[in-house]
Structures are given as C-alpha cells and as structure tokens.
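Peer 1: My questions will all concern the structure given below.
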Amino acid sequence: MGKTFSKPEALSDKHTHYCPGCTHGIIHRLVAEVIDELGIKGRTVGIAPVGCAVLAYNYFTFDFQEAAHGRAPAMATGIKRVRPDLIVFTYQGDGDLASIGMGEIIHAANRGEKFTTIFVNNAVYGMTGGQMAPTTMLGQRTTTSPFGRKVEECGMPIKMAELLSALETPGYITRQSVIKPKYIVRAKKAVKKAFQYQLEGRCFSLVEVVSTCPTNWGLTPVQAIKWAEETLLPYYKLGEFKTPE
Amino acid sequence: MGKILMKGNEAIGEAAIRAGCLNYFAYPITPQSEVAEYLSRRMPEVGGVFLQGESEVAVSYMLFGASACGARVFTTSSSPGISLMSEGISYIAGAQCPAVFVNIMRGGPGLGGILPSQADYFQSTKGGGHGDYRLLVMAPASVQEAVEMVMLAFPLAEKYRNPVMLLGDGLIGQMMEPVEFPDHLKSEPTNKDEWATNGMDTRGSNKRNLVKSLFLDAGKLNEHNLMLKAKYDRMKQEEIRYELYNIESDYKALIVSYGTMSRVCKTSIDNMKDEGLEVGMVRPQTLFPFPEKAIYEAASKESCKVVVSIEMSMGQMVEDVERSVKGKLPVRWYGKCGGDVPTPEEVIEAVKSFL
Amino acid sequence: MQSEVMFAGFGGQGILLIGKILAHTAMEEGFEVAWIPSYGPEMRGGTAYCTVVISDRPIGSPIIRNPMHLVAMNRPSLEKFAPMVKPGGVILINSSLIPIRSQRSDVDELIVPVNDIAKELGNVRAANIVALAAFVARSKVVDFDLMKESVKKEFAKKPKFIPLNMEAIEQGRKAAIHNE
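Residue numbers (my numbering), protein chains in the order written: chain G, 3 to 247; chain H, 1252 to 1606; chain L, 90 to 269.
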C-alpha cells in the first residue's frame, strides 16, 4: 500500500507552538495544501501578523515577511504594487485585523489590492493572554472584560466579513470555520478560491475563519468546539458574502 | 542637460526617478504635497508605481513590504507624518531593509505650523521610533543639493540595508532654484537575492528568505543589535559629509549650522567679514553620522573663542555640537522656531553677543 | 551684486507666475536665482507673495525682509511691504486697485493701472504680465527681450495666449516709459 497522507511541501517540519485544541495548525495546513496544489510555492510571499501566529513563518517553507501589529495589508499592498506577479497572503488574527489594523484592511480591500487575507477569528486576543477583542461576544468574559462584554461599553462584536462586503469595490469575502470536518472541507475550497482569484488578478480576497481558543476561553478543546458552535456560529454566520462575479 | 528652474519638492521627486527609484507611496501633507502631485503625473510616464496610501502609518509599511521584496522605494512627508511613519521606520531598520524617507520639516510640536523648521533633529538622528536603530540623515541646503542627496540616498540605503532620511525644511521644498540633474549618480540596485523575499522562483533558489525584526531569544536579539551597531559604526567611518566656510580665516567664532539656516549664516558671515569680524562655519551635510571630528578641529583654532549652534529649533543639534567640542570652548545656541527664519542681521547680533 | 524683487497681491492675480518668469529669465541670463513663495492657507484666495533673489554669486539667505524692489498688485500688499523696500528701489503700484501711494520719497515709484490696461487688451488676467513688463522695463533687473522669451516659453502649451501676452508686455513697457 502506498503513502496515502503526507505533509504539504509548503509546510515545514517544525512543531508549532500553538496550544492543544487550537485550530491555527489546521488553517496553516489548508493554506499549505492549496499552495502545493496550485504549484505557487516559488512565488508566494506570506505575511505574518502580531498575535498567536507571529511565528507562522516558522511553519511554512516559502518567503515570509513579518509585519507590525495590524499592518500586514499595507505590506501586502507594497509587495503587490511593485511585484504583481508574486502571490501574497496575510495571515491575521482578530486583534490584529479587526482592531489595530482596521484602517489598513478596509483600505486595502477597498482599493481592491490583489492579495489574499486569511483572517482567524477566535473572539479573543490570544498571545497577549486572553484580552477582549473587537470580535468578543456579548457577555463573554476575558481578562479585560471580567464581567462580560457589555454593549453599552464596547458595542457589538464586529462582523468583519459583512463589514468588508459592504464596500462597493469587487472582492471575494467569505466566512468559514474549521471546528468540524465538514467545515474544514468547505474552508479549504474557500481558501483555494481566494488564491485562484488572486492568481487570475481578479480582486482582493478574504477568508474569515471562525476558530477556537480553548486556553483563553478556559475550556477544554471539546468544550471549546461546542461553545464555538453554539455561541459563535449563530452570530458569525458561515457562507460567501461577496464574489467578484 | 542644462539648468532648469524647479521647485524643491518637484526636484526631489524627479531626482528619485533619476536615481532609479520607480516606487513611491505617500500621504499628502503641507509643505511637501507637491512631491506626490508631481509623481502622480510622472510615475505613469516612466512605468513606475504611485500610490496614495490611507495614512502615513500604512505608507511606511507599503515601503516595508515593497522594499522587503527587493524594490527601490521612497516616500516624502512632513513632521507630523514622519511621527506616524516612525513605527514603520523602526521595523524597516530592525528588518534591515533599504528605504528612503524625505522629511520636509514644519514647525511642531503637535500640529505646530506649516512654515520651515528644523525641530525634527532629535527625531531623525536620535530615534523617532522605538529601539536601538539609527538613520543615515542628510540635510540639503539648496534645491540642487537636495537633488544630489536624494540620488545618493538610494545607493547608501542599499549599501547599509538601512533607511536613509533626507531632512529638509519647508523652504527647501517650496523654493524654486535652478537645478541640474547629474546622470552619473544613477546606480543599479544591488543584488538582493541573499535576503529579499522576492519569491524563490525569482532567484532560482530552494532556500526561502525571511524578513523580520523579531528575535525572542535574548542572546540572538543582542547579537542582532550588535550587528546593527557595527553598521552604524561603519557609517561613522565612511559617510560623514560636511562643508567648511571661511575656515581659512582667523575666525573668532565658529558657527555650526545646517540646511536653510546655514545659508542665512553664510550671508551673516560675509557681512561680518565686511565689518572686519571673522567667523567660520562647519555645515554638517550628514546629521548622522555627525561631523564631530571636523567640529572639534575647527573649534581647536587658536583664534576661536566660542562655538555657536544655530538652528531653527529650541536647541537640538547643540547637544551634538557640545559633544563634539568636548569642553574645549563654550558652546552656545541661537535659534528660532515656528517658521520665522532668523535673518542674517539677527544671526550677527547673536554671534556678537556671545563674543 | 544682488537684487531682490517682491511680488505681492491677491491669490489668483498670477503673482507667483510672474515671479517665476522673472526668476527663469535671470537664470537664462546666467544669474544665480531663488524663488521663494509664501505658502499655506493664505494661498487660497487671500494674499499671495513671492520673492525672487537675483545674484551674481551663490545666494546665501533666501529669507528677505528688505527687498530691493516691490511689485504691489493690491492695497494691502503696498501697505504691508512698501515700508520694507530698500532706498533706491522701484515700487510698482497697480493704480487700478490701489488709490494710495507708498509715502516713500527715497524710492522710484512707478504707477501703472495694470488691470485697466489688461482690460483694454481684452483680458484682465493679463494684468500680471503688464506689471512684470513695466517693472522690468523700469528696473532693468533682467534683459527685457529675454523676459519676453521667458513669457513665450511659459505659455508654450497655451499658444493662443501668446499674442495677448506679447501685447501686454508692449503696453507694460510703454507705461513704464510714459511714467518716467
């Protein structure tokens, strides 16, 4: 019997630093598989964020840049403007993209910059230790919302996919998840589609991925999946919000 | 090619193109918006990239991304905009990417004013952003010199893989003077395959490149900083530039002044000479590295009684002048801030008051 | 030898342009030149002024508090800058818009109704060129014919305005001589 399962070439041998039950590893793998399948490793440049994925560059085997907090879309813009032939993606968390980097992502999307963003939404700041994010749910307790997020104080959790879809500029905006195998299959298709739009020079593409953070949610990995399904998915609805067609 | 009459801001834009830099990202701010206006028309003519970013913060990272994949890049701004770019400048210096920043200074702090100033001396030579980094800082005193320094800035940025700052003031940007563009300063970009994230296929390599400024290991970060320091030390050996004025006379006072202010001082020195009072001047053309030795030597002249740092700030460069003079002579400061450039008469009065 | 000329008036009167033409002419004649504008919010419809420094050696201070000459296109400019002109300089007063005089006895006052002259030529926008020509004819800071060539170059992309401006130059010259 031959080999039926192997590591994508775009993924390195390094063990990740991610916590047990974290879904970053799955998302990394989806990106790597797509890059392998499209045969674009040699002309891809990834941009790592500040956040849990700050070391993402260690887990891939192609060129990588590391951004300041929230600025990855501006860096990607710089690359694509001077080297439109390179395939560029940013990999960003919710603090990075939806808080400090809100300006950069909106303007990059609105200019229709032809790169791809993988936006991992787990409703909390991970690396800094579980503080409230713009995507934190109402009532959700974090280290900076110990009594639960309140709408009067912090507003409603930001739905980035919907917000970016409101821009008139054509783009591909979708929200996926990786908390169940069926979602993973769909998420991979979306990631591939996003890269394909870029390869065709079509438009800006963003795949929001609803994810888990058992450590900072104070749950076991199994409880975290259950919480994500019951709390996050009804609010952060999965699906395609915008296609360039 | 003969001389053409050109506004400083436009000449700076044209000089960059002639230095082979075809990538410009910027955000408008007075008194340098003419650079962006000029290049928005000019870049398409030469097949270059012009992009107006959403903020100076974003612009600094557009430069970072583009530079990190091997492109020649530059931007122009003015004081408050440079403050915003300082975050990106720190990352670019940390990640060792070449990039050219032009600061056409206006008065501060805060919104300050829009008139000429030299109040960003500390910002550009001592930091601005966080961390132990330095910029190579050049200060032009005329439109012609701005052109030459812009064209020199790109090869220097690439030589050191470090951001270079051109520190002008509102007057350099707004003034029109005859300029001649030297063709011979054009240099080819250096081979960046060793480090640039230009795609493995581009450089025909299986080894991936990584551009980053993160070193979580204390020992490695220290090593990184030592390597950066070695670059800055090398700049001090190889890149100091300055001009001496009336230095052969038996001057009683030595002026240290740069940029627009130094031109005013030249007029003052000429006028004092006519009155029989000799005054010399060292004009730093690079502010970092600073011409410490030249100033020390000039201050060592027997006839010289006082050294005066004259700047359009409340006394910033004077600290470097004091450091250079090493207590040999009294060091005084004269200056104005806010856009009211001191007149030659005011400079004369100040110099005389210190004698 | 250095002379400085200040051009001042309302924004929109073409003040900066005639300064530029003078600077260009001086450069063509082989002089060192610097053109220094006022810049900022006052540009937008308020007062506009620029200074042109012409010298036979490298120009030191570009900041001029006391210009040799003044071309005043409106009243506030005359009131503000006339006291600063060096003795012996030329002060051109646009008498179409300025009912007063410089109150200086130590300068060469040149009174020209530049707007009226331009209107007679059919376009008031040529008033600045009338003023420039009158000033150059009187002060002789640059060669008159070279200045004429610079005007042609300036309007090279809008050639239909060249005949009007050539006529404006001629009328400006006549006004300067007539005034002598």
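Backbone N, C-alpha and C define an ideal beta-carbon position, used for all residues, glycine too.
Terminal residues of the continuous beta strand (DSSP E) containing H:L1256?
Peer 2: I1255 to K1258
Peer 1: Taking the alpha-carbon positions, what's the G:A76 to H:Y1312 distance?
Peer 2: 5 Å
Peer 1: Could you tell me which chain H residues have their CB closer than 9 Å to the CB of L:G101, listed as they occur along the chain?
Peer 2: Residues of chain H passing the Cβ test: none, with the nearest at roughly 19 Å.
Peer 1: Could you pull the start and end residues of the beta strand (DSSP E) that L:H158 belongs to?
Peer 2: H158 to A161
Peer 1: Going by Cα to Cα distance, which pick from G:L234, G:R188, G:N112 and G:Y59 is closest to G:S167?
Peer 2: G:N112
Peer 1: So H:Y1275 and H:A1267 are supposed to be a Cβ contact under 8 Å. How far apart are they, rounded?
Peer 2: 7 Å
Peer 1: Identify, in the order they occur along the chain, each residue of the same chain with its Cβ nearer than 7 Å to the Cβ of H:P1282, setting aside the five sequence neighbours on each side.
Peer 2: Non-local beta-carbon contacts of H:P1282 in its own chain, meaning distances under 7 Å to residues more than five positions away in sequence, involve S1329, I1355, R1357, I1365, G1421, G1424 and Q1425 in chain order.
Peer 1: Taking DSSP's pairing of strands, which residues face H:N1457 in a bridge?
Peer 2: Paired residues: none, contrary to the question.
Peer 1: State the Cα-Cα distance for the pair H:Q1369 and G:V193, rounded to the nearest angstrom.
Peer 2: 50 Å
Peer 1: Could you tell me whether any Cβ in chain H is nearer than 8 Å to the Cβ of G:Y237?
Peer 2: Among the CB atoms of chain H, none fall inside 8 Å of the CB of G:Y237.
Peer 1: Which residues in the same chain as G:V35 place their Cβ atom closer than 6 Å to its Cβ, once the five residues preceding and following it in sequence are excluded?
Peer 2: Rather than Val, the amino acid found at residue 35 of chain G in this sequence is Glu. Non-local beta-carbon contacts of G:E35 in its own chain, meaning distances under 6 Å to residues more than five positions away in sequence, involve P10 in chain order.
Peer 1: Mind checking the stretch 74 to 85 of chain G against chain H and listing, in chain order, the residues whose C-beta falls within less than 9 Å of any C-beta there?
Peer 2: Within the stretch 74 to 85 of chain G, the residues whose Cβ lies closer than 9 Å to some Cβ of chain H are A74, P75, A76, M77, A78, T79, G80, I81, K82, R83, V84 and R85, listed in chain order.
Peer 1: What in chain G is Cβ-close to H:G1450, meaning under 9 Å?
Peer 2: Neighbours of H:G1450 on chain G, chain order: G44, R45, T46, V47, F64, D65, R85, D87, L88 and I89.
Peer 1: Below 9 Å on C-beta distance, what does H:L1302 contact in chain G?
Peer 2: T79, G80, R83 and R113
Peer 1: With distances taken Cα to Cα, identify the nearest neighbour of H:E1428 among L:S92, L:P147, L:T136 and L:F96.
Peer 2: L:P147
Peer 1: Starting from G:S179, follow its DSSP beta bridges and name the residues at the other end.
Peer 2: G:V212
Peer 1: Give the DSSP bridge partners of G:K195, in chain order.
Peer 2: Answer is none; G:K195 lacks a bridge partner.
Peer 1: Tell me, please, whether the stretch 112 to 123 of chain G touches the stretch 74 to 92 of chain G by the rule of three or more beta-carbon pairs shorter than 8 Å.
Peer 2: yes
Peer 1: Distance cutoff 8 Å, beta carbons only. Does G:Y59 sit that close to anything in chain H?
Peer 2: yes
Peer 1: Can a CB atom of chain H be found closer than 8 Å to the CB of L:V230?
Peer 2: no
Peer 1: What residues in its chain sit with their C-beta under 8 Å from that of L:F244, if we drop five residues either side in the sequence?
Peer 2: F250, I251 and N254
Peer 1: Less than 7 Å between C-beta atoms, sequence neighbours within five positions excluded: which residues of the same chain meet that for G:S14?
Peer 2: Contacts found: N60, Y61, F62 and T63.
Peer 1: For G:V56, return the contacting residues in chain H, with the cut-off set at a CB-CB distance below 7 Å.
Peer 2: L1465
Peer 1: Show which residues of chain H have a CB atom less than 9 Å away from the CB atom of G:H109.
Peer 2: G1304, E1305, S1306 and A1309
Peer 1: Counting contacts by CB-CB distance shorter than 8 Å, is L:I180 in contact with chain H?
Peer 2: Not an interface residue.
Peer 1: Look at the Cβ atom of L:P151, then the Cβ atom of L:I125, and state whether they are nearer than 8 Å.
Peer 2: For L:P151 and L:I125, yes; Cβs fall inside 8 Å.
Peer 1: Can you list, in chain order, the residues of its chain whose CB lies under 6 Å from that of L:V160, leaving out five sequence neighbours each side?
Peer 2: The answer, listed in chain order, is F96, L181, A220 and F224.
Peer 1: Using 8 Å as the cut-off, can you tell me whether the stretch 204 to 218 of chain G makes contact with the stretch 22 to 29 of chain G, which would need three or more C-beta pairs spanning the two stretches below that distance?
Peer 2: yes
Peer 1: If you count every other CB in all the chains shown that lies within 10 Å of the CB of H:I1546, and 16 or more means buried, which is it?
Peer 2: buried
Peer 1: In chain order, which continuous runs of the alpha helix (DSSP H) of length 4 or greater are located wholly inside the stretch 126 to 156 of chain G?
Peer 2: Within the stretch 126 to 156 of chain G, the complete alpha helix (DSSP H) runs of at least 4 residues fall at 153 to 156.
Peer 1: With a threshold of 7 Å on Cβ separation, who are the neighbours of L:L210 within its own chain once the five nearest residues in sequence on each side are excluded?
Peer 2: Its chain contains L253, E256, A257 and Q260 as the residues whose beta carbon lies nearer than 7 Å to that of L:L210, once the 5 sequence neighbours on both sides are disregarded; these appear in chain order.
Peer 1: Compute the Euclidean distance between the alpha carbons of G:E232 and G:I181, then round it to the nearest angstrom.
Peer 2: G:E232 and G:I181: Cα-Cα distance of roughly 12 Å.
Peer 1: May I ask you to check if the CB of H:S1328 is nearer than 7 Å to at least one heavy atom of the ligand NAP?
Peer 2: Looking for the ligand NAP in the displayed structure turns up nothing, as the structure carries no ligands at all.
Peer 1: Nearest chain G C-beta to H:G1629 closer than 8 Å, yes or no?
Peer 2: As shown, chain H starts at 1252 and ends at 1606. That puts residue 1629 of chain H outside it, with no answer to give.
Peer 1: Does any CB atom of chain L fall closer than 8 Å to the CB of H:V1602?
Peer 2: False, the Cβ-Cβ gap to chain L never drops below 8 Å.
Peer 1: Is H:R1459 near G:D65, with beta carbons less than 8 Å apart?
Peer 2: yes
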